[in-house]
Amino acid sequence: MKSRLPAFLISAFALAPLCAPAQDAPVPAQPVPAASSQDAPVPAQAVPAESASSSGGKKIVIELPELPTSEDVRLKFTGLVQAQYVYATASGGGAGDRDGFSLRRTILGVSAELGDDWSAKLTYEFDSTQEGGSADNGYVDTATISRKFGSAGTLSVGHKKAHFMLEEYSPSSQFPCLERSINSNFVTNNVYARGLSGSHIGVYWEGKIPRGGDYGFSLTNAVAKDYDRRSNDLAITGYFGGTLKLSDGAQLYFGLNGTVNFGDDGVPPGVDGSSSSALTNAGTVYGVEPYVRFTSGGLMLLADAFFIDGSSSSRLDPFYGVNLTGTFRFDNGFEPALRFTYLNTDSGLVNASVQNRVPDSGGFNNAATYYAGVNYYFNKYVKLAVGYEYGHYFGGGRVSSADSGAFRTMLQVSF
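Residue numbers -22 to -1, 1 to 393, in mature numbering (1 follows the signal peptide of the UniProt record, and there is no 0), belong to the letters of the sequence shown in order.
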(Lines of atoms letter the chains of each structure in order from A and count residues from 1; the text may use other names and numbers.)
(Lines give C-alpha, C1' and ligand atoms only; values in the text may rest on other atoms or scores of the structure.)
Protein backbone atom coordinates (compact mmCIF):
# COMPACT_ATOMS: atom_id res chain seq x y z
CA MET A 1 0.00 0.00 0.00
CA LYS A 2 1.45 3.29 -1.09
CA SER A 3 1.32 6.35 1.16
CA ARG A 4 1.68 9.98 0.20
CA LEU A 5 4.35 10.62 2.84
CA PRO A 6 6.38 13.20 0.89
CA ALA A 7 3.42 15.58 0.74
CA PHE A 8 2.74 15.10 4.45
CA LEU A 9 6.37 15.72 5.38
CA ILE A 10 6.43 18.89 3.32
CA SER A 11 3.32 20.25 5.09
CA ALA A 12 4.64 19.28 8.53
CA PHE A 13 7.99 20.92 7.73
CA ALA A 14 6.18 24.11 6.74
CA LEU A 15 4.33 24.22 10.07
CA ALA A 16 7.36 23.36 12.21
CA PRO A 17 8.53 26.98 12.72
CA LEU A 18 5.17 27.74 14.32
CA CYS A 19 5.62 25.01 16.91
CA ALA A 20 9.32 25.27 17.75
CA PRO A 21 10.49 27.80 20.39
CA ALA A 22 13.03 30.39 19.36
CA GLN A 23 15.73 29.45 21.84
CA ASP A 24 18.26 31.96 20.57
CA ALA A 25 15.87 34.89 20.46
CA PRO A 26 16.67 37.73 22.87
CA VAL A 27 14.51 37.88 25.97
CA PRO A 28 12.55 41.14 26.12
CA ALA A 29 12.80 43.38 29.16
CA GLN A 30 10.21 43.07 31.88
CA PRO A 31 7.29 42.85 31.83
CA VAL A 32 7.27 39.84 29.54
CA PRO A 33 4.55 37.47 28.31
CA ALA A 34 4.36 34.43 30.53
CA ALA A 35 4.58 30.94 29.17
CA SER A 36 1.70 28.57 29.76
CA SER A 37 1.93 26.32 32.79
CA GLN A 38 2.74 22.72 31.98
CA ASP A 39 -0.06 21.52 34.23
CA ALA A 40 -2.71 23.88 32.85
CA PRO A 41 -5.00 22.76 30.01
CA VAL A 42 -3.89 24.33 26.73
CA PRO A 43 -6.59 25.21 24.19
CA ALA A 44 -5.82 23.83 20.74
CA GLN A 45 -6.95 24.64 17.26
CA ALA A 46 -7.36 21.98 14.60
CA VAL A 47 -5.35 22.67 11.47
CA PRO A 48 -6.01 20.12 8.72
CA ALA A 49 -3.06 19.43 6.47
CA GLU A 50 -4.15 20.10 2.92
CA SER A 51 -1.87 17.43 1.54
CA ALA A 52 -2.09 15.10 4.51
CA SER A 53 -1.78 11.43 3.81
CA SER A 54 -4.78 9.22 4.20
CA SER A 55 -4.88 5.80 5.70
CA GLY A 56 -8.13 4.00 5.52
CA GLY A 57 -9.87 7.13 4.27
CA LYS A 58 -9.03 9.14 7.46
CA LYS A 59 -7.36 12.56 7.39
CA ILE A 60 -4.38 13.34 9.58
CA VAL A 61 -4.92 16.49 11.66
CA ILE A 62 -2.11 18.55 13.22
CA GLU A 63 -3.06 20.41 16.44
CA LEU A 64 -1.19 23.60 17.29
CA PRO A 65 -1.32 25.14 20.79
CA GLU A 66 -2.69 28.66 21.05
CA LEU A 67 0.29 30.72 22.12
CA PRO A 68 -0.33 33.34 24.84
CA THR A 69 -0.17 36.98 23.85
CA SER A 70 0.75 40.06 25.86
CA GLU A 71 -2.95 40.59 26.53
CA ASP A 72 -3.16 37.28 28.43
CA VAL A 73 -0.45 37.33 31.11
CA ARG A 74 2.31 39.84 31.84
CA LEU A 75 5.08 39.03 34.30
CA LYS A 76 7.28 41.49 36.15
CA PHE A 77 10.32 40.32 38.10
CA THR A 78 11.83 42.21 41.03
CA GLY A 79 14.91 41.54 43.12
CA LEU A 80 16.99 42.90 45.97
CA VAL A 81 20.54 42.06 47.08
CA GLN A 82 22.17 43.83 50.03
CA ALA A 83 25.82 43.10 50.87
CA GLN A 84 26.68 44.61 54.25
CA TYR A 85 29.57 45.03 56.65
CA VAL A 86 28.78 45.82 60.30
CA TYR A 87 30.87 46.56 63.37
CA ALA A 88 28.69 46.81 66.50
CA THR A 89 29.67 47.37 70.13
CA ALA A 90 27.81 47.61 73.43
CA SER A 91 28.99 48.50 76.95
CA GLY A 92 27.28 47.73 80.24
CA GLY A 93 26.24 44.38 81.66
CA GLY A 94 29.10 42.49 80.02
CA ALA A 95 28.01 42.98 76.43
CA GLY A 96 30.35 42.07 73.60
CA ASP A 97 31.18 43.25 70.10
CA ARG A 98 30.28 41.97 66.66
CA ASP A 99 31.74 42.54 63.23
CA GLY A 100 31.73 40.87 59.85
CA PHE A 101 30.22 40.68 56.38
CA SER A 102 26.79 39.38 55.47
CA LEU A 103 24.18 39.23 52.77
CA ARG A 104 21.69 41.30 54.73
CA ARG A 105 18.79 40.59 52.39
CA THR A 106 18.37 38.49 49.25
CA ILE A 107 14.88 38.75 47.77
CA LEU A 108 13.28 37.67 44.51
CA GLY A 109 9.72 38.50 43.51
CA VAL A 110 7.37 38.11 40.58
CA SER A 111 4.02 39.76 39.89
CA ALA A 112 1.57 38.70 37.18
CA GLU A 113 -1.13 40.70 35.42
CA LEU A 114 -3.73 38.05 34.58
CA GLY A 115 -6.30 40.06 32.66
CA ASP A 116 -9.81 41.17 33.65
CA ASP A 117 -8.25 43.18 36.53
CA TRP A 118 -6.83 40.05 38.22
CA SER A 119 -3.24 39.87 39.42
CA ALA A 120 -0.96 37.85 41.68
CA LYS A 121 2.29 38.51 43.53
CA LEU A 122 4.88 36.24 45.09
CA THR A 123 7.98 37.47 46.94
CA TYR A 124 10.48 35.16 48.60
CA GLU A 125 13.26 36.17 50.96
CA PHE A 126 16.04 33.61 50.81
CA ASP A 127 17.49 34.54 54.19
CA SER A 128 15.44 35.62 57.20
CA THR A 129 18.22 35.63 59.79
CA GLN A 130 19.00 38.79 61.70
CA GLU A 131 22.18 39.71 59.82
CA GLY A 132 21.99 37.34 56.87
CA GLY A 133 24.18 34.44 55.91
CA SER A 134 21.99 31.34 56.35
CA ALA A 135 20.42 30.03 53.17
CA ASP A 136 18.05 27.62 54.96
CA ASN A 137 16.03 30.29 56.76
CA GLY A 138 14.10 31.70 53.83
CA TYR A 139 10.40 32.46 53.95
CA VAL A 140 7.54 33.77 51.84
CA ASP A 141 7.31 37.51 52.39
CA THR A 142 4.31 38.11 50.10
CA ALA A 143 1.88 35.75 48.38
CA THR A 144 -1.36 37.39 47.24
CA ILE A 145 -4.17 37.10 44.71
CA SER A 146 -5.73 40.48 43.90
CA ARG A 147 -8.70 41.94 42.03
CA LYS A 148 -8.84 45.61 41.08
CA PHE A 149 -12.22 47.34 41.16
CA GLY A 150 -11.66 50.31 38.88
CA SER A 151 -10.61 53.49 40.65
CA ALA A 152 -12.26 52.38 43.91
CA GLY A 153 -9.45 50.12 45.08
CA THR A 154 -7.96 46.64 45.17
CA LEU A 155 -9.01 43.55 47.14
CA SER A 156 -6.25 41.07 48.00
CA VAL A 157 -6.30 37.65 49.65
CA GLY A 158 -3.15 36.01 50.95
CA HIS A 159 0.00 36.76 52.92
CA LYS A 160 1.44 40.29 53.16
CA LYS A 161 2.52 42.89 55.69
CA ALA A 162 -0.11 44.56 57.82
CA HIS A 163 -0.31 48.37 57.66
CA PHE A 164 1.18 49.09 61.08
CA MET A 165 4.67 50.37 61.98
CA LEU A 166 5.61 52.52 58.99
CA GLU A 167 9.19 51.29 58.70
CA GLU A 168 8.13 47.65 58.94
CA TYR A 169 5.74 47.65 55.99
CA SER A 170 7.84 50.02 53.85
CA PRO A 171 10.21 48.38 51.31
CA SER A 172 13.62 47.74 52.86
CA SER A 173 15.27 48.96 49.66
CA GLN A 174 13.95 52.47 50.39
CA PHE A 175 15.31 52.87 53.93
CA PRO A 176 17.17 56.19 54.11
CA CYS A 177 18.92 55.17 57.35
CA LEU A 178 20.26 51.78 56.25
CA GLU A 179 18.37 49.80 58.94
CA ARG A 180 15.01 50.01 60.67
CA SER A 181 14.87 51.91 63.95
CA ILE A 182 14.89 50.30 67.37
CA ASN A 183 11.16 51.10 67.62
CA SER A 184 10.32 48.92 64.63
CA ASN A 185 12.66 46.15 65.77
CA PHE A 186 11.25 46.13 69.30
CA VAL A 187 7.58 46.14 68.30
CA THR A 188 8.10 43.48 65.63
CA ASN A 189 9.93 41.15 68.04
CA ASN A 190 8.20 41.89 71.35
CA VAL A 191 6.24 38.83 72.44
CA TYR A 192 3.01 40.72 73.22
CA ALA A 193 3.05 43.10 70.26
CA ARG A 194 4.53 41.01 67.47
CA GLY A 195 1.17 40.39 65.87
CA LEU A 196 0.58 44.11 65.37
CA SER A 197 3.12 44.33 62.54
CA GLY A 198 4.76 42.01 60.05
CA SER A 199 3.22 39.58 57.55
CA HIS A 200 -0.23 38.07 58.13
CA ILE A 201 -2.58 35.83 56.16
CA GLY A 202 -5.99 37.33 55.52
CA VAL A 203 -8.07 39.71 53.41
CA TYR A 204 -6.83 43.21 52.51
CA TRP A 205 -8.57 46.19 50.93
CA GLU A 206 -6.62 49.19 49.59
CA GLY A 207 -8.63 52.17 48.38
CA LYS A 208 -8.00 55.63 46.99
CA ILE A 209 -9.36 58.98 48.11
CA PRO A 210 -9.59 61.85 45.58
CA ARG A 211 -6.80 64.44 45.60
CA GLY A 212 -4.00 62.19 46.80
CA GLY A 213 -5.56 60.30 49.69
CA ASP A 214 -5.72 56.60 50.48
CA TYR A 215 -7.26 54.24 53.00
CA GLY A 216 -7.49 50.55 53.71
CA PHE A 217 -8.26 47.81 56.18
CA SER A 218 -7.53 44.14 56.69
CA LEU A 219 -8.92 41.13 58.55
CA THR A 220 -6.16 38.61 59.22
CA ASN A 221 -4.90 35.90 61.53
CA ALA A 222 -3.68 37.32 64.82
CA VAL A 223 -0.33 35.58 64.62
CA ALA A 224 2.37 36.92 62.31
CA LYS A 225 3.76 34.43 59.77
CA ASP A 226 1.02 32.01 60.82
CA TYR A 227 1.08 29.44 58.02
CA ASP A 228 -0.63 26.67 60.00
CA ARG A 229 -3.22 28.69 61.99
CA ARG A 230 -1.67 28.23 65.42
CA SER A 231 -4.21 30.69 66.82
CA ASN A 232 -7.95 30.94 66.20
CA ASP A 233 -7.93 34.68 66.88
CA LEU A 234 -8.11 37.52 64.38
CA ALA A 235 -6.56 40.96 63.95
CA ILE A 236 -8.12 44.06 62.38
CA THR A 237 -5.92 46.80 60.92
CA GLY A 238 -6.95 50.04 59.26
CA TYR A 239 -5.34 53.20 57.92
CA PHE A 240 -6.06 56.42 56.07
CA GLY A 241 -4.01 59.34 54.83
CA GLY A 242 -4.10 62.43 52.67
CA THR A 243 -1.83 64.85 50.82
CA LEU A 244 -1.82 68.62 51.22
CA LYS A 245 -0.13 70.43 48.33
CA LEU A 246 1.78 73.53 49.38
CA SER A 247 3.51 76.27 47.41
CA ASP A 248 6.54 75.71 45.15
CA GLY A 249 5.82 72.00 44.74
CA ALA A 250 6.08 71.15 48.43
CA GLN A 251 3.75 68.47 49.81
CA LEU A 252 2.59 67.44 53.27
CA TYR A 253 1.31 63.89 53.72
CA PHE A 254 -0.36 62.81 56.94
CA GLY A 255 -1.49 59.33 57.89
CA LEU A 256 -2.88 57.27 60.75
CA ASN A 257 -2.52 53.52 61.27
CA GLY A 258 -4.52 51.57 63.83
CA THR A 259 -4.80 47.90 64.77
CA VAL A 260 -6.50 45.58 67.25
CA ASN A 261 -5.19 42.08 67.89
CA PHE A 262 -7.61 39.80 69.73
CA GLY A 263 -5.74 37.40 72.02
CA ASP A 264 -6.82 34.33 73.99
CA ASP A 265 -5.51 32.27 76.89
CA GLY A 266 -3.52 29.94 74.65
CA VAL A 267 -1.43 32.03 72.31
CA PRO A 268 -0.34 35.62 72.95
CA PRO A 269 -0.94 38.02 70.08
CA GLY A 270 1.73 37.92 67.46
CA VAL A 271 3.78 34.99 68.64
CA ASP A 272 5.79 33.68 65.73
CA GLY A 273 5.21 30.00 64.96
CA SER A 274 8.86 29.28 65.80
CA SER A 275 8.58 30.88 69.26
CA SER A 276 6.60 28.11 70.95
CA SER A 277 8.41 28.73 74.24
CA ALA A 278 6.66 32.09 74.49
CA LEU A 279 3.13 30.66 74.55
CA THR A 280 1.85 32.27 77.74
CA ASN A 281 -1.50 33.77 78.67
CA ALA A 282 -2.39 36.98 76.85
CA GLY A 283 -5.33 39.13 75.90
CA THR A 284 -6.29 41.83 73.43
CA VAL A 285 -3.57 44.25 72.30
CA TYR A 286 -4.14 47.43 70.28
CA GLY A 287 -1.99 50.16 68.78
CA VAL A 288 -2.17 53.52 66.97
CA GLU A 289 0.48 55.20 64.83
CA PRO A 290 0.17 58.76 63.46
CA TYR A 291 2.81 60.09 61.07
CA VAL A 292 3.48 63.09 58.85
CA ARG A 293 5.90 63.49 55.92
CA PHE A 294 7.03 66.77 54.32
CA THR A 295 8.77 66.88 50.93
CA SER A 296 10.11 69.84 48.97
CA GLY A 297 12.65 69.38 46.20
CA GLY A 298 15.35 67.10 47.59
CA LEU A 299 14.29 67.60 51.21
CA MET A 300 12.31 64.95 53.13
CA LEU A 301 11.25 65.26 56.78
CA LEU A 302 9.35 62.46 58.53
CA ALA A 303 7.90 62.15 62.01
CA ASP A 304 6.05 59.05 63.18
CA ALA A 305 4.99 57.91 66.63
CA PHE A 306 3.22 54.88 68.08
CA PHE A 307 1.35 53.90 71.23
CA ILE A 308 0.56 50.28 72.18
CA ASP A 309 -1.52 49.01 75.09
CA GLY A 310 -3.64 46.01 75.95
CA SER A 311 -6.35 44.58 78.15
CA SER A 312 -5.65 43.69 81.77
CA SER A 313 -5.30 40.01 80.85
CA SER A 314 -2.51 40.80 78.39
CA ARG A 315 -0.08 41.65 81.22
CA LEU A 316 1.20 44.35 78.89
CA ASP A 317 2.25 47.76 80.17
CA PRO A 318 1.76 50.59 77.64
CA PHE A 319 4.79 51.47 75.58
CA TYR A 320 5.35 54.17 73.02
CA GLY A 321 8.01 55.72 70.82
CA VAL A 322 8.82 58.33 68.19
CA ASN A 323 11.05 58.54 65.10
CA LEU A 324 12.30 61.81 63.57
CA THR A 325 14.00 61.38 60.19
CA GLY A 326 15.47 63.89 57.74
CA THR A 327 17.21 63.50 54.37
CA PHE A 328 18.32 65.76 51.54
CA ARG A 329 18.95 64.38 48.06
CA PHE A 330 21.45 66.38 46.00
CA ASP A 331 21.48 66.38 42.21
CA ASN A 332 24.85 64.60 42.18
CA GLY A 333 23.36 61.51 43.88
CA PHE A 334 24.52 62.12 47.47
CA GLU A 335 21.92 61.96 50.25
CA PRO A 336 22.80 62.73 53.89
CA ALA A 337 20.41 61.11 56.39
CA LEU A 338 19.72 61.76 60.08
CA ARG A 339 17.36 60.01 62.53
CA PHE A 340 16.50 60.32 66.21
CA THR A 341 14.56 57.55 67.94
CA TYR A 342 13.08 57.38 71.43
CA LEU A 343 11.46 54.29 72.95
CA ASN A 344 9.68 53.94 76.32
CA THR A 345 8.84 50.32 77.11
CA ASP A 346 7.62 50.80 80.72
CA SER A 347 9.43 47.69 82.00
CA GLY A 348 9.44 46.12 78.55
CA LEU A 349 13.14 45.31 78.99
CA VAL A 350 14.79 46.64 75.86
CA ASN A 351 18.52 46.20 75.36
CA ALA A 352 21.24 46.86 72.83
CA SER A 353 20.79 43.46 71.20
CA VAL A 354 17.42 44.61 69.82
CA GLN A 355 19.15 47.17 67.63
CA ASN A 356 22.73 45.96 67.21
CA ARG A 357 22.19 42.22 67.72
CA VAL A 358 25.15 41.97 70.06
CA PRO A 359 24.98 40.00 73.34
CA ASP A 360 22.42 41.13 75.92
CA SER A 361 23.51 44.21 77.88
CA GLY A 362 20.71 44.00 80.42
CA GLY A 363 17.09 45.06 80.27
CA PHE A 364 16.10 48.74 80.41
CA ASN A 365 12.87 50.72 80.29
CA ASN A 366 14.03 53.36 77.82
CA ALA A 367 16.24 53.75 74.76
CA ALA A 368 17.38 56.70 72.65
CA THR A 369 19.33 56.27 69.42
CA TYR A 370 20.99 58.73 67.02
CA TYR A 371 21.80 57.85 63.40
CA ALA A 372 23.93 59.76 60.89
CA GLY A 373 24.83 58.50 57.45
CA VAL A 374 25.07 59.21 53.76
CA ASN A 375 23.72 57.40 50.72
CA TYR A 376 25.10 57.57 47.20
CA TYR A 377 22.94 56.57 44.24
CA PHE A 378 24.98 55.40 41.26
CA ASN A 379 21.67 55.16 39.40
CA LYS A 380 18.11 54.17 40.28
CA TYR A 381 19.17 50.53 40.75
CA VAL A 382 22.47 50.70 42.68
CA LYS A 383 23.05 52.43 46.03
CA LEU A 384 25.93 52.63 48.49
CA ALA A 385 25.07 53.48 52.11
CA VAL A 386 27.37 54.28 55.04
CA GLY A 387 26.11 55.11 58.52
CA TYR A 388 26.73 55.06 62.26
CA GLU A 389 24.14 54.75 65.03
CA TYR A 390 24.70 55.42 68.72
CA GLY A 391 22.27 54.11 71.33
CA HIS A 392 21.77 54.89 75.02
CA TYR A 393 19.70 52.61 77.29
CA PHE A 394 18.60 53.58 80.78
CA GLY A 395 16.11 52.98 83.58
CA GLY A 396 15.18 49.73 85.30
CA GLY A 397 18.21 47.65 84.33
CA ARG A 398 20.52 45.60 86.49
CA VAL A 399 23.07 48.31 85.71
CA SER A 400 22.36 52.03 85.60
CA SER A 401 22.74 52.38 81.83
CA ALA A 402 24.32 50.94 78.71
CA ASP A 403 25.58 52.30 75.42
CA SER A 404 25.85 50.85 71.94
CA GLY A 405 27.33 51.81 68.61
CA ALA A 406 27.02 50.30 65.15
CA PHE A 407 28.93 51.21 61.99
CA ARG A 408 27.45 49.80 58.80
CA THR A 409 28.22 50.05 55.12
CA MET A 410 26.10 48.40 52.47
CA LEU A 411 26.02 48.01 48.71
CA GLN A 412 22.51 47.47 47.38
CA VAL A 413 21.12 46.42 44.02
CA SER A 414 17.36 46.75 43.58
CA PHE A 415 15.49 46.04 40.36
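We put the CB at the ideal spot given by N, CA and C, even for glycine.
Treat the numbers as computed from the prediction; the structure is a model and nothing was measured.
Find out if the Cβ-Cβ distance for the pair residue i, residue j is shorter than 8 Å.
{"i": "S89", "j": "H137", "result": "no"}
{"i": "N239", "j": "V263", "result": "yes"}
{"i": "D75", "j": "V64", "result": "no"}
{"i": "D381", "j": "A68", "result": "yes"}
{"i": "G116", "j": "K99", "result": "no"}
{"i": "V181", "j": "V118", "result": "no"}
{"i": "L321", "j": "V270", "result": "no"}
{"i": "residue 438", "j": "Q333", "result": "The structure shown has nothing for residue 438, since the chain only spans -22 to 393."}
{"i": "E91", "j": "R52", "result": "yes"}
{"i": "A345", "j": "I160", "result": "yes"}
{"i": "P314", "j": "V364", "result": "no"}
{"i": "S303", "j": "G265", "result": "Checking the sequence shown, residue 303 turns out to be Thr, not Ser. Result no, Cβ atoms of T303 and G265 do not sit closer than 8 Å."}
{"i": "Y368", "j": "T387", "result": "no"}
{"i": "Y298", "j": "A330", "result": "no"}
{"i": "D287", "j": "E267", "result": "no"}
{"i": "N343", "j": "S325", "result": "yes"}
{"i": "V165", "j": "F284", "result": "yes"}
So which of the options has the shortest CA-CA distance to residue i?
{"i": "G227", "options": "T273, I214 and A213", "result": "T273"}
{"i": "V328", "options": "K361, F318 and S162", "result": "S162"}
{"i": "Y355", "options": "F312, H141, A384 and W183", "result": "F312"}
{"i": "M143", "options": "G216, Q60, G275 and T56", "result": "G216"}
{"i": "A350", "options": "F342, L362, Y366 and N357", "result": "Y366"}
{"i": "L156", "options": "F342, A61, F127 and F284", "result": "A61"}
{"i": "D192", "options": "P154, D211 and H141", "result": "H141"}
{"i": "T120", "options": "T56, K186 and D309", "result": "T56"}
{"i": "residue 395", "options": "G276, S325 and Y298", "result": "Because the chain in this structure spans residues -22 to 393, residue 395 falls outside the shown range and cannot be described."}
{"i": "T122", "options": "F385, T198 and S331", "result": "T198"}
{"i": "R189", "options": "G220, F297 and P149", "result": "G220"}
{"i": "D309", "options": "P296, K358 and S124", "result": "K358"}
{"i": "R83", "options": "L133, E184 and F153", "result": "F153"}
{"i": "G383", "options": "A66, K54 and T166", "result": "A66"}
{"i": "L212", "options": "A200, K223, F218 and L222", "result": "A200"}
{"i": "K126", "options": "G374, D287, P296 and W183", "result": "W183"}
{"i": "F79", "options": "S392, F385 and F393", "result": "F385"}
{"i": "A202", "options": "I187, S196, I179 and K223", "result": "I179"}
{"i": "S175", "options": "E145, G185 and M278", "result": "E145"}
{"i": "P149", "options": "L58, S378 and K54", "result": "L58"}
{"i": "S392", "options": "L362, R307 and K186", "result": "L362"}
If you follow the alpha helix (DSSP H) that residue i is in, where does it begin and where does it stop?
{"i": "S331", "result": "A330 to N334"}
{"i": "Y147", "result": "L144 to Y147"}
Going by DSSP, which residues form a beta bridge with residue i?
{"i": "L349", "result": "Going by the sequence as given, residue 349 is Tyr instead of Leu. Answer is R317 and E367, bridged to Y349."}
{"i": "T56", "result": "G87"}
{"i": "A130", "result": "Partner(s): none; A130 has no beta bridge."}
{"i": "D226", "result": "Answer is none; D226 lacks a bridge partner."}
{"i": "I123", "result": "A98 and V135"}
{"i": "Y117", "result": "E103"}
{"i": "N344", "result": "N322 and F372"}
Between which two residues does the beta strand (DSSP E) harbouring residue i extend?
{"i": "L279", "result": "L277 to G288"}
{"i": "E267", "result": "V263 to S274"}
{"i": "T198", "result": "G191 to N199"}
{"i": "H178", "result": "S177 to I187"}
{"i": "A380", "result": "S379 to S392"}
{"i": "G299", "result": "F297 to F306"}
For chain B, find out if any of its Cβ atoms is closer than 8 Å to the Cβ of residue i; answer yes or no.
{"i": "G365", "result": "Although the question refers to chain B, the structure presented lacks it and comprises just one protein chain."}
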